[in-house]
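Since the structure comes first, as structure tokens, the remarks are kept for the end.
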Amino acid sequence: MVFRKLPGVSASGMGLRLSQKFVFLLFLSGLVTLCFGALFFLPDSVRLKRIFLSKTESQPVTVGSENDVREHLKKGAKDPEHLRGITSAKGETSTKLKALSRKPSGANTDTSFDYNKFKKCLLKPPLGIEHGKPSDPQTLQRREKVKEMMKFAWDNYKSFAWGKNELRPLTRNGHIGNMFGGLRGASIVDSLDTLYIMGLMDEYNDAKEWVETSLDLNSNGEASLFEVNIRYVGGLLSAYYLTGDEVRFINLLNKIEKPHGLYPNFLSPVSGNWVQHHVSIGGLGDSFYEYLIKSYLMSDKTDEEAKKMYYSALEAIEANLVQKSPGGLTYMAEWRGGILDHKMGHLACFSGGMVVIGADDGAPEKRQHYLDLAAEITHTCHESYSRSATKLGPEAFRFDGGAEATATRLSDRYYILRPEVIESYMYMWRLTHDPKYREWGWEAVEALEQHCRVEAGFSGIRDVYAQTVSHDNMQQSFFLSETLKYLYLLFSDDDLLPLEDWVFNTEAHPLPVVRKSCLQGEGGTHDKTTSK
1 MVFRKLPGVS
11 ASGMGLRLSQ
21 KFVFLLFLSG
31 LVTLCFGALF
41 FLPDSVRLKR
51 IFLSKTESQP
61 VTVGSENDVR
71 EHLKKGAKDP
81 EHLRGITSAK
91 GETSTKLKAL
101 SRKPSGANTD
111 TSFDYNKFKK
121 CLLKPPLGIE
131 HGKPSDPQTL
141 QRREKVKEMM
151 KFAWDNYKSF
161 AWGKNELRPL
171 TRNGHIGNMF
181 GGLRGASIVD
191 SLDTLYIMGL
201 MDEYNDAKEW
211 VETSLDLNSN
221 GEASLFEVNI
231 RYVGGLLSAY
241 YLTGDEVRFI
251 NLLNKIEKPH
261 GLYPNFLSPV
271 SGNWVQHHVS
281 IGGLGDSFYE
291 YLIKSYLMSD
301 KTDEEAKKMY
311 YSALEAIEAN
321 LVQKSPGGLT
331 YMAEWRGGIL
341 DHKMGHLACF
351 SGGMVVIGAD
361 DGAPEKRQHY
371 LDLAAEITHT
381 CHESYSRSAT
391 KLGPEAFRFD
401 GGAEATATRL
411 SDRYYILRPE
421 VIESYMYMWR
431 LTHDPKYREW
441 GWEAVEALEQ
451 HCRVEAGFSG
461 IRDVYAQTVS
471 HDNMQQSFFL
481 SETLKYLYLL
491 FSDDDLLPLE
501 DWVFNTEAHP
511 LPVVRKSCLQ
521 GEGGTHDKTT
531 SK
């Protein structure tokens, strides 16, 4: 869900009526629901910065426009639908990271936070009994391969792009781009929890030291609020909750009229109404639907409104978007003002995982239906990989004109190291233990090694159907944060970041389930075993 600035309308809100300002602020707050849901743990107004940044002051970060972000994708993606939920209120609208955990005036001034008590409220140790080490030798070997890929990607980033946002592996230099405004080190912050989870402690400590000494939140440029939240805020929070190294959920316009029960991608900050009736489970809309179910899970299944909104939205998605191809493939089409576009984006492939993690909490008679739907969607996304020459999936694939799960446009044929398909493999494995998901994950590892690994890192490719690949010279930060993390978890035992205790944000940063009764009680009522 995003805002889009209207021509001639000030984004400052100075000319808005009070009710309009309220709608604007309410919806803007919704974009940060999952990352900021954990912030109420943090005891004072600069706690977020203090997690690692005790030596500097935090400064404003300005919300940017959608025309300024994803500059590094402009050669291969001219359709803005690949953007994953940004705000485009320009210039005047801003947020201050230092104020994220600020208490309202008059609030209780007790700022103590007992990290040990927090750990006791987890049902299981975050890293498992043996860091999730699988007993099966083949699975262990595959997990070690993923760990080696992470170290290779990290070492090259450190050698050639240290402190920059992302690595350009072919030219062996760093990339900054406009997506994060003036912020730097996106790959470092994005990688903190991945390095820690994999036990790459030397690398983790190097990353932590850079954050402590060099991360500068003083930014005068325009940045995507969404991307800053999921990467920087999410990365810092997850590292804190995993290591101890030094919320509030917002109702997302539930009262507004929804066409056919669906939530379009654009909302006017002036009128509070939908600007376009374009509905997508992929780019621009994916995180909204994902966060409804994740907000419910993160609340320890107490947020009944988020639950109701999610299952109502899922019902509408099934009624309007879920389609079956002549060849029997289930896919999520896009809806444009009442007309179906039989296209599914790679970004939408997260939905297999989304549906399966909510299967147990809907109507009991629909549990198997949701499991089947999740499996069918994940199968379709696997088909988009298996039908290409490289065994990697395109940015978008179609189901019309005789095509099924294949990209028919040159502009859709690229692969930029995206994680969504592997994300669904991980969730499907965790909740069904069907061995095919690990096999599919290993197919992806082999394809990444063969086609995306270059001498100085990993690079996306411009055409997944070409026998001889052309690289795009970009090692995305989400490759380290998401793709490799999900692969590592896929080949680990379930007690590594158990889903009973952790919810992954859209950048794969794990945040804890909030058990308020335990945290506010005398002790850890959920202390089943000693956390590591």
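Heads up: the sequence shown runs through residues 1 to 532, numbered per UniProt numbering.
For glycine and all other residues, C-beta sits at the position ideal for the given N, C-alpha and C.
All values derive from a computational prediction rather than experimental measurement.
With C-beta atoms as the reference, is residue 353 less than 8 Å away from residue 424? Yes; because the gap between Cβ atoms is below 8 Å, this pair is in contact.
Compute the distance between the beta-carbons of residue 132 and residue 501, then report whether it is under 8 Å. Not closer than 8 Å, so no.
Beta-carbon spacing of residue 415, residue 392 below 8 Å: Yes, these two residues count as a Cβ contact at 8 Å.
Take residue 293 and list the residues in its own chain whose beta-carbon comes closer than 7 Å to its own, dropping the five residues that flank it on each side. The beta carbon of residue 293 sits closer than 7 Å to the beta carbons of 310, 354, 357, 358 from its chain, once the five residues preceding and following it are set aside; these are given in chain order.
For my contact list, residue 444 and residue 385 are in at a C-beta cut-off of 8 Å; report their separation, rounded to the angstrom. In this structure residue 444 is in contact with residue 385, their Cβ atoms being roughly 7 Å apart against a cut-off of 8 Å.
From the DSSP secondary-structure annotation, give me the bridge partner or partners of residue 343. For residue 343, which the question treats as bridged, DSSP gives the partners 398.
By Cβ distance below 6 Å, which residues in the same chain neighbour residue 528 in space, the five residues on each side in sequence not counted? For residue 528, the pLDDT reaches just 44, beneath the cut-off of 50, and the residue's location in the model is therefore unreliable, although a value from the coordinates is still provided. Only residues of its own chain outside the window of five on either side were considered, and among them 123 have a CB closer than 6 Å to the CB of residue 528, listed in chain order.
I want to know whether the region 150-159 touches the region 444-457 - three or more CB-CB distances under 8 Å. Touching, yes, given that three or more Cβ pairs across the two stretches are closer than 8 Å.
Distance, residue 141 Cα to residue 433 Cα: Between the C-alpha atoms of residue 433 and residue 141 there is a straight-line separation of about 19 Å.
Endpoints, the alpha helix (DSSP H) within which residue 304 is located: Run containing residue 304: 304-320, per the alpha helix (DSSP H) assignment.
Is the Cβ-Cβ distance between residue 507 and residue 184 less than 8 Å? No. Outside cutoff.
Can you tell me which of 366, 364, 400 puts its alpha carbon nearest to the alpha carbon of residue 333? Comparing Cα positions, the closest option is 400.
Report buried or exposed for residue 368, applying the criterion of at least 16 other Cβ atoms within 10 angstroms of its Cβ. So residue 368 ends up on the exposed side.
Look at the alpha carbon of residue 519 and the alpha carbon of residue 304, and state the distance between them as a whole number of angstroms. Cα to Cα, the separation comes out at about 20 Å.
Residue from 190, 160, 457, 198 with nearest C-alpha to residue 207: Each of 190, 160, 457, 198 was checked against the Cα of residue 207, and the nearest Cα belongs to 190.
From this set, 242, 459, 466, which residue's C-alpha is nearest residue 195's C-alpha? Comparing C-alpha distances from residue 195 to each of 242, 459, 466 shows the shortest one belongs to 242.
Taking only the alpha-carbon atoms, compute the straight-line gap between residue 187 and residue 505 and give it to the nearest angstrom. The alpha-carbon atoms of residue 187 and residue 505 are separated by roughly 16 Å.
Identified DSSP bridge partners for residue 382: Residue 382 is not bridged to any residue.
Quick check on residue 161: buried or exposed, where buried means 16 or more other Cβ atoms within 10 Å of its Cβ? Counting Cβ neighbours within 10 Å, residue 161 comes out buried, since at least 16 surround it.
Segment limits, alpha helix (DSSP H) that includes residue 233: The continuous stretches of alpha helix (DSSP H) do not include residue 233, and DSSP gives it neither H nor E.
Return the CA-CA distance between residue 469 and residue 158, expressed in angstroms with no decimal places. If I take the Cα positions, the gap works out to 26 Å.
Could you tell me whether the region 400-411 touches the region 471-485, using the rule of 3 or more Cβ pairs below 8 Å? Because the criterion of three Cβ pairs below 8 Å is not met, the region 400-411 and the region 471-485 do not touch.
Please report the distance separating the alpha-carbon of residue 217 from that of residue 289. Their backbone Cα atoms lie some 30 Å apart in a straight line.
8 Å contact criterion, which residue 396 and residue 343 should meet: CB distance rounded: The Cβ separation is near 6 Å, so the contact holds.
Checking the sheet assignment: what are the DSSP bridge partners for residue 458? DSSP lists 453 as partners of residue 458.
Look at the alpha carbon of residue 479 and the alpha carbon of residue 317, and state the distance between them as a whole number of angstroms. Taking the straight line from one Cα to the other gives about 29 Å.
Kindly indicate the opening and closing residues of the alpha helix (DSSP H) around residue 143. Segment 137-161, the alpha helix (DSSP H) holding residue 143.
Whole angstroms is fine: what's the gap from residue 362's alpha carbon to residue 228's? Spanning the alpha carbons of residue 362 and residue 228 requires a straight line of approximately 32 Å.
In terms of DSSP beta bridges, what is residue 173 paired with? Paired residue(s): 168.
List the endpoints of the continuous alpha helix (DSSP H) containing residue 438. Unbroken alpha helix (DSSP H) run through residue 438: 436-447.
Inter-residue Cα distance where the pair is residue 43 and residue 129: The predicted model places residue 43 with a pLDDT of 39, which falls under 50 and marks its position as unreliable; any figure quoted below should be read in that light. Cα to Cα, residue 43 sits roughly 30 Å from residue 129.
Expressed to the nearest angstrom, what Euclidean distance is found between the alpha-carbon atoms of residue 180 and residue 365? Rounded to the nearest angstrom, the two C-alpha atoms are 45 Å apart.
For residue 491, name the three-state secondary structure that DSSP assigns. Taken through DSSP and simplified to helix, strand or coil, residue 491 comes out as coil.
What does the alpha-carbon distance come out to for the pair residue 345 and residue 439? In a straight line, the C-alpha of residue 345 is about 23 Å away from that of residue 439.
What residues in its chain sit with their C-beta under 7 Å from that of residue 430, if we drop five residues either side in the sequence? The answer, listed in chain order, is 494, 499.
Just to confirm my understanding: we take residue 171, look at its own chain, exclude 5 residues before and 5 after, and list those with CB closer than 8 Å. What are they? Only 473 meet the Cβ criterion.
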